[in-house]
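Counted from 1, the sequence shown has number 51 at position 42 by our numbering; the numbering is strictly sequential.
Built from N, CA and C at the ideal position, the CB exists for glycine as well.
As the structure is a prediction and not an experimental result, all values here were calculated from the model.
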Amino acid sequence: LEEKLGLLHVLEVDDGIVLKFTPQVDQLTAEEFMAGVGKAMNVRRVVCGPDFVFGNQRRGNPDWLREHGFEVEVIPPFLLDGVELHSSEIRRLLGEGDIPAANRLLGRPFVLRGTVEHGAEVGRGLGFPTANLALQLNKLVPAVGIYAVRVKSSFGRHLGALSIGYRPTFGGDRLGIEVFLIDFDGDLYGAQLEVSFVARLRDEEMYESAAELAEAIARDVEATRRLLGR
């Protein structure tokens with residue numbers, strides 16, 4: 010939610026009002042919704058998509074609004090290469106790890122934001138200290154794998170090799186996200202990171218030893234340097 014409001018702020022939207030969707034709100038008819046929420050917000054003009062509906066049983070729509078005296082502007086579907094753009098397609102691409110395609114549809118890099126928390130320090134023991142990210146609940150996460158990313162922190166901007174996975178080499182069974190910041194040496198615990206995804210480098214793999222895993226991480230770091238130009 011904070012990310013969505015932040016994007017609206019970038020687009021210079023003056024205010025954003027978040028209405029909690031409770032069972033009581035769910036039962037409001039279109040008439041009751043506009044008489045309550047609509048009146049409180051002094052709504053006179055509605056800008057919406059062609060499939061916009063509201064109110065119990067989805068009876069409120071652009072035609073209903075016009076019939077009840079509201080000015081309505083319906084924005085046509087956004088087309089990319091002649092095809093309607095839907096968020097479900099972006100989610101599908103992210104679920105497959107196709108970052109370039111997802112970023113193209115988004116019109117910007119896909120971003121994860123999170124707080125650095127204490128982990129098992131496995132990466133540090135391998136010579137690649139990683140920042141373990143705690144994300145907001147219900148945040149969409151790309152497919153399991155290794156990624157080349159760009160990272161913003163209070164220390165500046167960094168290149169990073171990021172892992173989304175279960176640490177199979179060490180018998181892990183919990184999904185985790187950790188990122189190694191290239192050419193960075195500092196304490197990130199408690200810091201907020203903004204991670205922009207650029208490309209998926211490879212699948213998560215299980216190695217016979219920690220040494221083999223360290224070698225793989227070193228290759229990921231070099232691949233990230235080559236891809237991102239440093």
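Whether residue i touches residue j by CB criterion (8 Å)
i      : j      : result
Gly123 : Leu222 : no
Leu149 : Leu103 : yes
Gly136 : Arg211 : no
Gly91  : Glu187 : no
Phe30  : Phe119 : no
Val56  : Ile84  : yes
Glu105 : Ala152 : yes
Leu74  : Leu114 : no
Leu16  : Gly25  : no
Ser162 : Ala219 : no
Inter-residue Cα distance where the pair is residue i and residue j
i      : j      : result
Ala143 : Glu76  : 48 Å
Asn70  : Ala225 : 54 Å
Tyr175 : Arg166 : 27 Å
Phe87  : Glu93  : 6 Å
Leu10  : Asn112 : 19 Å
Glu126 : Tyr198 : 6 Å
Gly54  : Ile173 : The sequence shown places Arg at residue 54, not Gly. Rounded to the nearest angstrom, the two C-alpha atoms are 44 Å apart.
Gln66  : Ala39  : 9 Å
Asp192 : Gly134 : 17 Å
Gly64  : Met50  : 16 Å
Gly181 : Glu214 : 12 Å
Ala227 : Val131 : 15 Å
Pro138 : Val160 : 15 Å
Arg234 : Asp72  : 54 Å
Asn147 : Ser97  : 15 Å
Presumed contact (8 Å Cβ cut-off) between residue i and residue j, rounded CB distance
i      : j      : result
Phe179 : Val230 : That belief does not hold up - the Cβ atoms of Phe179 and Val230 are roughly 20 Å apart, past 8 Å.
Ala170 : Leu236 : Incorrect: roughly 10 Å between the Cβ atoms, too far for contact.
Asn141 : Gly185 : 6 Å
Val204 : Leu121 : 5 Å
Ile108 : Arg209 : 6 Å
Any non-hydrogen atom of the ligand MN within 7 Å of residue i CB
i      : result
Asp212 : In the structure shown, the ligand MN is absent, as is every other ligand, since no ligand is present at all.
Could you tell me which uninterrupted alpha helix (DSSP H) segments, each at least 4 residues in length, are contained entirely in the region 27-103, listed from first to last along the chain?
With a minimum length of 4 residues, the continuous alpha helix (DSSP H) runs that stay inside the region 27-103 are 32-35, 39-42 and 71-76.
Give a yes or no on contact between the region 71-87 and the region 35-53, applying the rule of three or more CB pairs nearer than 8 Å.
In short, these stretches touch, since the Cβ pair count reaches three.
Entirely enclosed beta strand (DSSP E) segments - the region 138-175, minimum 3 residues
Here the runs fully enclosed are 140-143, 154-162 and 165-174.
If you pair each beta-carbon of the region 53-60 with each one of the region 25-38, do three or more pairs fall below 8 Å?
Contact between the region 53-60 and the region 25-38 is not established, with fewer than three Cβ pairs separated by less than 8 Å.
Beta strand (DSSP E) segments (min. 3 residues) lying fully within the region 171-215:
With a minimum length of 3 residues, the continuous beta strand (DSSP E) runs that stay inside the region 171-215 are 185-190 and 201-211.
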